[in-house]
Amino acid sequence: MRNKTFNVLFVCHGNICRSPMAEFILKHLVRKAAEGVTEEAVPQGSTVKLAAAYRRVPDVYVESAAVSTEEIGNPVYPPAKRCLSAHGVPFDNFKTARQVVRRDYDRFDLIVCMDEWNLRLIKRIIPDDPEGKIRLMMSFTGENRDVADPWYTGDFEKTYQDLMVGCRALLEKLITKIT
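Right, dumping it as structure tokens:
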């Protein structure tokens, strides 16, 4: 029997680079894991027990949003799409940026911010986090650091690698939670 759907919202500044990349990466990992264990879907260092757990992937719903309003309605940034394509990660060409709203706190089980600045800004929209839902992306890997913004660095590959590691660690936590 399946557990309820686990709802994840990824958040970055404009919702055109990091958060939609994370959205599509996690959707891809969940889809691959549900199809059966693949080397790509199993996080590094996973045990045989975890590999078996991948056969019991939870239902996961994923969206992404922005803390700012400056990109609202704009599509995913083309270099982010190119990076996802280069890694075989499918994405929605019709995805457009939206801003986080207060009711997202009730809709999502987890709200994952890409950096400390996003965490500060989200508190203007969602001032309280009594359930501890709002987290930093790399915290799932045991690291307390930001995912660099490729809008400024131009390094979409580095961002992709961080997001892949973070999404794998997040998925591992979701899977081990249900087993």
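Our numbering puts the last residue of the sequence shown at 186; the count rises by one with no breaks.
The beta carbon of each residue, even a glycine, is placed where N, CA and C say it ideally should be.
With DSSP collapsed to three states, give me the class of residue 14.
Looking up residue 14 in the sequence shown gives position 7. Correct three-state label for residue 14: strand.
Using the Cβ count rule (16 or more neighbours within 10 Å means buried), how would you classify residue 125?
As a position in the sequence shown, residue 125 is number 118, starting the count at 1. Buried: at least 16 other Cβ atoms inside 10 Å.
In terms of DSSP beta bridges, what is residue 23 paired with?
Working through the sequence shown from its first residue, we reach residue 23 at position 16. Partner(s): none; residue 23 has no beta bridge.
Measuring alpha carbon to alpha carbon, tell me which residue in 112, 127, 105 and 64 is nearest residue 26.
Translated into positions along the sequence shown, residue 26 becomes position 19. Cα-wise, what sits closest to residue 26 is 105.
Here's a check: name, in chain order, each residue in its chain whose Cβ is nearer than 8 Å to the Cβ of residue 116, leaving out the five neighbours to either side.
As a working mapping, residue 116 is identified with position 109 in the sequence shown. Same-chain partners within the cutoff: 13, 14, 15 and 140.
Take the Cβ of residue 147 as the centre, count every other Cβ of all protein chains shown within 10 Å, and call the residue buried at 16 or more, exposed below.
The residue given as residue 147 occupies position 140 in the sequence shown. Residue 147 comes out buried.
Could you give the DSSP three-state label for residue 178: helix, strand or coil?
The sequence position of residue 178 within the sequence shown is 171, counting from 1. In the structure shown, residue 178 sits in a helix (DSSP, three-state: H, G or I).
For residue 82, which beta-bridge partners are listed by DSSP?
On the sequence shown, position 75 is the one that residue 82 refers to. Answer by DSSP bridge pairing, in chain order: 103.
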